[in-house]
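J.: Residue numbers for the sequence shown follow numbering that gives the first Met the number 0, beginning at 0 and rising by one.
By construction, the Cβ of each residue, glycine as well, lies at the ideal position given by its N, Cα and C atoms.
This structure is a prediction, so every number in the text was calculated from the model and none was measured.
The structure's right below; bear with me while I get my questions together.
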Amino acid sequence: MSQLNPKVGFVSLGCPKALVDSERILTQLRVEGYDIVPSYDSADVVVVNTCGFIDSAVAESLDAIGEAMNENGKVIVTGCLGKKSEMIREQYPDVLSVSGPQDYTSVMDAVHAALPPRHDPFVDLVPDYGIKLTPRHYAYLKISEGCNHRCSFCIIPSMRGDLVSRPVEDVLREAERLVKGGVRELLVVSQDTSAYGVDRKYAPGTWRGREYATRMKALCEGLSELDAWSRLHYVYPYPHVDDIVPLMAEGRVLPYLDIPFQHASPRILKLMKRPGAVDKTLERVLRWRETCPDITVRSTFIVGFPGETEAEFEQLLEFLDAAQLDRVGAFAYSPVEGATANQLPDPVPEAVKQERLARFMEKQAAISAARLEAKVGSVQQCLVDAIEDGIAVARSKADAPEIDGLVHIQNADAAGLRVGDFVDVEITDSDEHDLFGDALVKPGATPFDLKVL
Ligand code: SF4
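Pasting the structure below:
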């Protein structure tokens with residue numbers, strides 16, 4: 000693009016959902032002829048897409064705004080923290096504009112006011128899958144915004160409102176465009192993927208001449224028509240999740256469920272305002288494995304929730320033993336400003352929280368390591384994310400980007416691997432997080448002889 004194009008700096012913080020918002024804004028900026036530049040010095044204006052989920056994210060977002068104000072001085076703030084505009088304006092009264100998540104119009108209005116676009120018929124050379132912040136071969140696919148639950152530790156519904164699902168045909172069209180643009184893995188994100196379509200009463204939509212309901216199962220069926228992996232994130236433990244597992248067993252969506260259980264004590268789950276039938280949850284995890292033996296179950300838990308007794312914490316450890324989850328993230332409870340859980344009695348002392356977190360992680364680390372070790376000797380289909388010093392850094396079907404482990408392929412050069420390739424890998428070793436192995440290459444094979452999707 001020419002030297003004369005107006006220049007925008009962009010700082011993107013937060014979760015994959017915020018990343019999708021950033022991608023939309025960046026796409027629109029490029030469509031209108033703005034250049035995206037990588038330094039404060041060269042930018043005419045800076046957009047900061049913030050996160051406001053937990054206190055540390057609020058602090059990080061405020062720091063990022065402060066840095067942009069110091070280094071550049073013309074700053075547009077958007078994203079989750081934008082919902083608390085008084086807090087931002089109190090610290091940084093000179094920011095040009097503050098808007099909340101997904102408010103693309105306000106961001107673009109603020110950019111136009113600060114920096115009018117240059118009209119040029121040749122600038123809209125944006126690929127029709129848009130601009131992506133993730134590597135070219137995987138992309139986040141946001142299917143809805145907001146959430147109808149009211150978990151007591153969470154303020155997302157008060158920031159983002161109730162569930163609003165995108166029509167199924169829009170989502171499938173976007174997925175199709177992404178795959179045409181070279182994406183090999185679609186990461187389905189939302190606040191609650193299993194509730195998809197409830198607000199639209201599961202209204203049908205047409206894609207490629209076929210009718211699909213706006214519903215998680217139909218969405219998965221549509222996505223399975225595309226030549227790419229589809230991975231489901233943020234699934235709430237509803238019974239109808241069971242309907243998706245046969246699709247996983249048939250290889251139509253990845254055999255991977257990211258399903259935050261949060262705790263295993265019925266009383267604590269009730270205080271969290273989450274489903275409390277732990278025995279049923281456990282039965283269901285075991286049944287999923289019967290239907291789909293390769294399924295990977297990832298979950299997150301909170302330890303040290305207000306009122307959690309030692310016995311209730313031990314119930315959680317027993318659940319880990321029984322459920323044998325593959326991947327687990329855990330957090331020591333930390334109050335989020337505005338969450339109803341802050342009013343609960345009997346906060347757990349910080350030292351006890353940290354001690355429980357350490358015990359929890361130690362137990363789960365052993366389980367995860369054993370589950371990885373059991374894969375040694377197997378062949379896993381992997382997607383190559385990067386090549387570094389002759390070693391390919393890849394992920395198997397069990398590994399989501401950024402949050403799970405990796406598969407290190409030792410013979411990347413010999414196998415002629417490139418970023419974005421699918422390849423079968425014989426697993427030869429494991430550690431606590433990652434797998435190691437060799438790409439299967441027939442003698443004299445070219446890269447194109449490798450087994451690809
Ligand atoms: S389901 Fe998730 S987004 Fe919705 S209230 Fe609970 S924790 Fe928050």
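Could you tell me whether any non-hydrogen atom of ligand 1 is closer than 8 Å to the CB of CYS153?
T.: Flag set: Cβ of CYS153 near ligand 1.
J.: Could you check whether the Cβ of ARG297 sits closer than 8 Å to any heavy atom belonging to ligand 1?
T.: It does not: the Cβ of ARG297 is nowhere closer than 8 Å to a heavy atom of ligand 1.
J.: Beta-carbon within less than 6 Å of ALA368's beta-carbon, same chain only, minus the 5 sequence neighbours each way: which residues are those?
T.: Excluding positions up to five away in sequence, the list reads GLU431.
J.: Cutting at 7 Å between CB atoms, please list the residues of its own chain near VAL187, excluding the five before and the five after it.
T.: Closer than 7 Å at the Cβ level, and outside the excluded window around VAL187, lie LEU140, ILE142, SER229, ARG230, LEU231, HIS232.
J.: Can the beta-carbon of LEU256 be found less than 9 Å from the beta-carbon of THR295?
T.: In this structure, THR295 lies closer than 9 Å to LEU256 by Cβ.
J.: With a threshold of 8 Å, establish whether the CB of ASP191 neighbours any heavy atom of ligand 1.
T.: For ligand 1, at least one heavy atom lies less than 8 Å from the Cβ of ASP191.
J.: DSSP state of ILE459, grouped into three classes?
T.: Residue numbering for the chain in the displayed model covers 0 to 452; residue 459 lies beyond these limits and cannot be assessed.
J.: With DSSP as the reference, label HIS432 as helix, strand or coil.
T.: Of the three classes helix, strand and coil, the one that applies to HIS432 here is coil, per DSSP.
J.: Measuring only from the beta carbon, is TYR237 closer than 8 Å to any heavy atom that is part of ligand 1?
T.: It does not: the Cβ of TYR237 is nowhere closer than 8 Å to a heavy atom of ligand 1.
J.: Does the contact criterion of 3 or more C-beta pairs under 8 Å hold for the region 369-376 versus the region 350-361?
T.: Touching, no.
J.: In the DSSP assignment, find the beta strand (DSSP E) that holds ILE390 and state where it starts and stops.
T.: It spans 390-395 - the beta strand (DSSP E) in which ILE390 sits, taken as one unbroken run.
J.: Measure from the alpha carbon of GLY180 to the alpha carbon of each residue in GLY389, SER264, LEU25, LEU225, then state which is nearest.
T.: The shortest C-alpha separation from GLY180 is found at LEU225.
J.: Mind reading off the beta-carbon distance from LEU114 to ASP43? Whole number of angstroms is fine, and I expect it under 8 Å.
T.: The Cβ separation is near 5 Å, so the contact holds.
J.: Would you tell me roughly how many angstroms separate the C-alpha atoms of VAL19 and GLU184, rounded to the nearest one?
T.: Approximately 15 Å between the Cα atoms of the pair.
J.: Sorry if obvious, but does the Cβ on PRO274 come closer than 8 Å to a heavy atom of ligand 1?
T.: Answer for PRO274: no, Cβ out of range of ligand 1.
J.: Note the first and the last residue of the continuous alpha helix (DSSP H) segment covering GLU307.
T.: Unbroken run through GLU307: none, as it is neither H nor E.
J.: How would you call ARG209, buried or exposed, if buried means at least 16 neighbouring beta carbons within 10 angstroms?
T.: That one is exposed.
J.: Where does HIS239 land, buried or exposed, given buried means 16+ other C-beta within 10 angstroms?
T.: HIS239 is exposed by the Cβ-count criterion.
J.: For ASN48, which three-state DSSP category applies?
T.: Of the three classes helix, strand and coil, the one that applies to ASN48 here is strand, per DSSP.
J.: Hey, quick one: how far does the alpha helix (DSSP H) through VAL351 stretch, first residue to last?
T.: Where VAL351 is concerned, the enclosing alpha helix (DSSP H) stretches over 349-372.
J.: Tell me which residue opens and which closes the beta strand (DSSP E) that ARG248 is part of.
T.: Here the sequence assigns Ala to residue 248, which means Arg is not the residue at that position. Careful: ALA248 lies outside any beta strand (DSSP E), inside the alpha helix (DSSP H) at 244-248.
J.: Measuring alpha carbon to alpha carbon, tell me which residue in PRO265, PRO15, ARG273, SER429 is nearest ALA138.
T.: ALA138 has its Cα closest to that of PRO15, out of PRO265, PRO15, ARG273, SER429.
J.: Taking a contact to mean a Cβ-Cβ separation below 9 Å, would you say VAL47 touches VAL7 in this structure?
T.: For VAL47 and VAL7, no; Cβs fall outside 9 Å.
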